[in-house]
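Input: a single structure, listed below in structure tokens.
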Amino acid sequence: MQKRKIIPYNPNLKELARQLRNNSTKAEIILWQKLKGKQMYGYDFHRQKPIDNYIIDFFCHELMLGI
34 MQKRKIIPYN PNLKELARQL RNNSTKAEII LWQKLKGKQM YGYDFHRQKP IDNYIIDFFC
94 HELMLGI
């Protein structure tokens, strides 16, 4: 098993990311329904993920894919 890399993030963005998760747009809600629960080819996605000094709407660590 390959060890996961730790992705640096700004801890000050955690609360903002939480607020964004709770106030999603209609488009984000529709896309999240398709991505959550490993429905997309078995890949695990996260919503509003702080990465460096940004907040990524959807992120798959295994693919290193940010949307």
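Read in order, the letters of the sequence shown are residues 34 to 100 in the numbering used here.
All residues carry an ideal CB built from backbone N, CA and C; glycine is no exception.
Practice task
May I ask which residues mark the beginning and end of the alpha helix (DSSP H) holding residue 51?
Solution key: Here the alpha helix (DSSP H) through residue 51 covers 47-55.
Handout entry: Identity of the residue in 74, 96, 90 nearest residue 53 by Cα
Key = Comparing C-alpha distances from residue 53 to each of 74, 96, 90 shows the shortest one belongs to 90.
Exercise for the section: Mind checking which residues open and close the beta strand (DSSP E) that includes residue 72? Expected result: Note, residue 72: premise wrong, no beta strand (DSSP E); not H, not E.
Problem - Local conformation of residue 39 per DSSP, three classes - result: coil
Practice task
State the DSSP-derived secondary structure class of residue 100, mapped to helix, strand or coil.
Solution key: Look at residue 100 here: in three-state DSSP terms it is coil, with no helix or strand label.
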